[in-house]
Each structure stands twice: as structure tokens, then as C-alpha cells.
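Heads up: the structure comes next, in C-alpha cells.
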Amino acid sequence: MHMDIVMQQVLKMKNEDPVRFNKLVQEGMAAELGYLPEKNLREISAEKLKKENYSEDPEYTAVSDAVLAGKRKDVEKLVNKLIENGRDPLDIVTEALMPGIQVQCEMYDLGKAFVPEILMSNDAMQGGITICQSELGDIPSKGNIASFVAQGDLHDIGKNICAAILKANGYTVTDLGRDVSKEEVLKTVKDKGIQLVCGSTLMSTTKPGLMDTALLLELEKTGVSVACGGAAVSKAFVGTFNNAIYTKSPLETVHKADSIISGNKKWNELR
Ligand code: B12
42 MHMDIVMQQV LKMKNEDPVR FNKLVQEGMA AELGYLPEKN LREISAEKLK
92 KENYSEDPEY TAVSDAVLAG KRKDVEKLVN KLIENGRDPL DIVTEALMPG
142 IQVQCEMYDL GKAFVPEILM SNDAMQGGIT ICQSELGDIP SKGNIASFVA
192 QGDLHDIGKN ICAAILKANG YTVTDLGRDV SKEEVLKTVK DKGIQLVCGS
242 TLMSTTKPGL MDTALLLELE KTGVSVACGG AAVSKAFVGT FNNAIYTKSP
292 LETVHKADSI ISGNKKWNEL R
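To convert, take the position in the sequence shown, counting from 1, and add 41; that gives the working numbering.
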């Protein structure tokens, strides 16, 4: 087709159907950067994503499926049964509950699932996480951590998982929720004797919130640094400012929190 006509159609779509326009631009960029192989984009199915994310244990797979279907009651029933059978609650979180939400989120990203499905799966996963946490009981606290999602960002699924895994590993976590200002974080650090802050963001536009928080905590001489994670955050980005470390996964955060809170290492030794 002649390029002028293509451009006219593209501009028409931009005005009349901005959602589709933005989706196509993002897919095109992701394919160009190598995140989405162009030819496979339409072939990705729930079955394929399950194969990539699910455990091989059928009892865990059943929980992941119930999370994917957004069935909170089924998740709770299955998780209770696994616990009765002596399964490790932390394993249930990472091997059974997390894979379900991961598949749902990837389906959403491909335009094959929608907001209500994400929210139902999140709720179903939270049902399972609550049971696992209560099962772990009162472990003597290893230290005080605050968790938050940067100002302007509402994506909190990953942060909730990270907070749950920190709690399961013996930390007292003050969860400030999402869309949190640096001033709120500072106040909590001062009021609650926080020893490490864990912050996350999933959008490029809200990344500066993590940097501003780390720098404010430094400026105010709190001695508390920020472990930064979430899909929009990279090691390179965190390396551009002081008083912060990059942690790729919740378990890596646990290990780095252990080093920082026991006083063995400072943020600048863990970069
Ligand atoms: C689910 C989702 C939503 C849900 C969020 C529901 C909720 N309660 O969180 C809804 C539908 C509400 C939503 C809304 C929007 N979204 Co959205 N969303 C997603 C999606 C599909 C999945 C994110 C997710 O939860 N993944 C699953 C979790 C488990 O993964 P995770 O967060 O990365 O967490 C893991 C690690 O990163 C790490 N981790 C996470 N946090 C932390 C913290 C610490 C300290 C550590 C150590 C580790 C860690 O551990 C986790 C477990 O492994 C992504 C695309 C994608 N595939 O990532 C887009 C995405 C993040 N959304 C995007 C956008 C643009 C939006 C909207 C602006 C859309 C719109 N036009 O309205 C709004 C934003 C509203 C706002 N102000 O925040 C873009 C962001 C682009 C960018 N880079 O800037 C993405 C990337 C989609 C895309 N391809 O364009 N979204």
C-alpha cells in the first residue's frame, strides 16, 4: 500500500481508537527490542504460558489454575489441603500461587485477558497468601521493613508478593500500599523505626518516585536505604542515584535485607 495512505489510516486510528493505536505501538516497540518475537505474538496461548510458568507438581498446578480462574474459595480450599498434607507455606506461595497470577498478567498484556480477570485472580491469590501467612505464625521478628509503590502508580500485585515473602522470612513489614509519596515514607521510617524500605514501580513515568524517596531518606540522615524492584526498574537505573540497591526478585530482597539489617553490609556494598 502507498505510504501516504498507510499514514492516513494510522492517524485516523490514533484519533478514533487511541487504545488500539497505543497497543500496536507498544507491541511494535517490544518486538523491535526483542521482547516479543513478532511471528509468535499471536500464537501465544494460555497453555503455552502455563508450560513456561507452572510447577510440574499437579497439586500446585491445581492451585495455579484456580488463581488463574479467579476462584478464591477454591484456592483457599486447595491451599488448606496442601498445608494439612505438610507442604511448606512459602513453597505454596512461590510454586503454586505466583505462577497463576503471572500467567493471567501475561494474558492481559497480550490483550487476551481484561481488568476484571486480573483483579479476580489477584483476590484469589491474596486468599491463598493470607492462609500461608497465618500458617507461618509468630516468628521472632528479624527487623522492620516498610514497603510501598511509588507515587502515581497503582500496580501493587508484585509489591504484595514481595511483602508476603519478606513476612514469611521473619520480617515485620509495614505495608504503605500504592501511590505513596516520599514524605509518607519518611514519616513511617521515623515513626516506626524502619530499618529498610522496599519500593517498587511498574511504569517508566513513576520511576523518579523511587529515586526521590531514596534521596529524601539520605538528606534527612535516617540511615535507611531503599531496595528498589518491579518491572520498570533496572540495576542501571538504580545505579544513577545514592542510597538505594536493586533487587530483582523478592527472594533476593530477603537476602539483601538480611545483610543490611544484620549490619554486615551497607547499600553501597550491595549495588
Ligand atoms: C496487572 C496490570 C495492571 C492492573 C494493575 C492491578 C494491580 N492491582 O496491580 C491494572 C489493570 C489496574 C493496570 C492499570 C494500568 N496499567 Co498496567 N499492567 C499490568 C500488567 C499486565 C501486569 C503487572 C503485574 O502485576 N505483573 C505480575 C507481577 C507479579 O509482576 P511484577 O509486578 O513485575 O512483580 C514481580 C517482580 O517485578 C518483583 N517485584 C515487584 N515489586 C517488587 C518490589 C521489590 C522491592 C522487589 C525487590 C521486587 C519486586 O517481584 C514480583 C514477583 O516476581 C503489566 C504488563 C506486564 N506484563 O508486566 C501492565 C503495565 C505495567 N501497565 C501499564 C500501563 C501503561 C497501565 C495503565 C497506565 C493503563 C492505562 N492506560 O490506564 C494503568 C496505570 C494506572 C496507574 N496509575 O498505575 C504498562 C506500563 C508501561 C511502562 N513501562 O510505563 C505495562 C507494562 C503494560 C504495557 N505493556 O504497556 N495495569
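Virtual Cβ for every residue (Gly too), placed ideally from N, Cα, C.
Asked: Quick one: using the 10 Å Cβ neighbour count with 16 as the cut-off for buried, is K223 buried or exposed?; Found: buried
Asked: Give the straight-line distance between the Cα atoms of V392 and I46, rounded to the nearest whole angstrom.; Found: It is not possible to answer for residue 392, since the shown part of the chain is limited to 42 through 312.
Asked: Starting from the Cα of V226, find the closest Cα among K248, D197, V267 and give me that residue.; Found: V267
Asked: For R128, which residues of its own chain have a beta-carbon under 7 Å away from its beta-carbon, when the five flanking residues on both sides are left out?; Found: none
Asked: Can K276 be considered in contact with ligand 1, in the sense that its beta carbon sits closer than 6 Å to one or more heavy atoms?; Found: no
Asked: What is the C-beta distance between L237 and I186, in whole angstroms, given that I count them as a contact (C-beta under 8 Å)?; Found: 5 Å
Asked: Can you list, in chain order, the residues of its chain with a C-beta nearer than 6 Å to that of Y101? Leave out the 5 residues immediately preceding and following it.; Found: E136, A137
Asked: So for D216, helix, strand or coil by DSSP?; Found: strand
Asked: Do three or more CB pairs link the stretch 288-296 to the stretch 256-264 at distances below 8 Å?; Found: no
Asked: At a cut of 8 Å, does the stretch 59-68 reach the stretch 86-97 through at least three beta carbon pairs?; Found: no
Asked: Should the stretch 157-164 be regarded as contacting the stretch 188-195, the criterion being three or more beta carbon pairs within less than 8 Å?; Found: no
Asked: Note down the Cα distance separating G199 from I142, rounded to an integer number of angstroms.; Found: 10 Å
Asked: Just checking, does the stretch 237-246 make contact with the stretch 269-277 on the three C-beta pairs under 8 Å criterion?; Found: yes
Asked: By how many angstroms is the C-alpha of G178 removed from the C-alpha of K262?; Found: 34 Å
Asked: E125: buried (16+ other C-beta within 10 angstroms of its C-beta) or exposed?; Found: exposed
Asked: What did DSSP end up calling A277 once you bin it into helix, strand or coil?; Found: helix
Asked: When the Cα atoms are used, what is the spatial distance from E73 to K55?; Found: 20 Å
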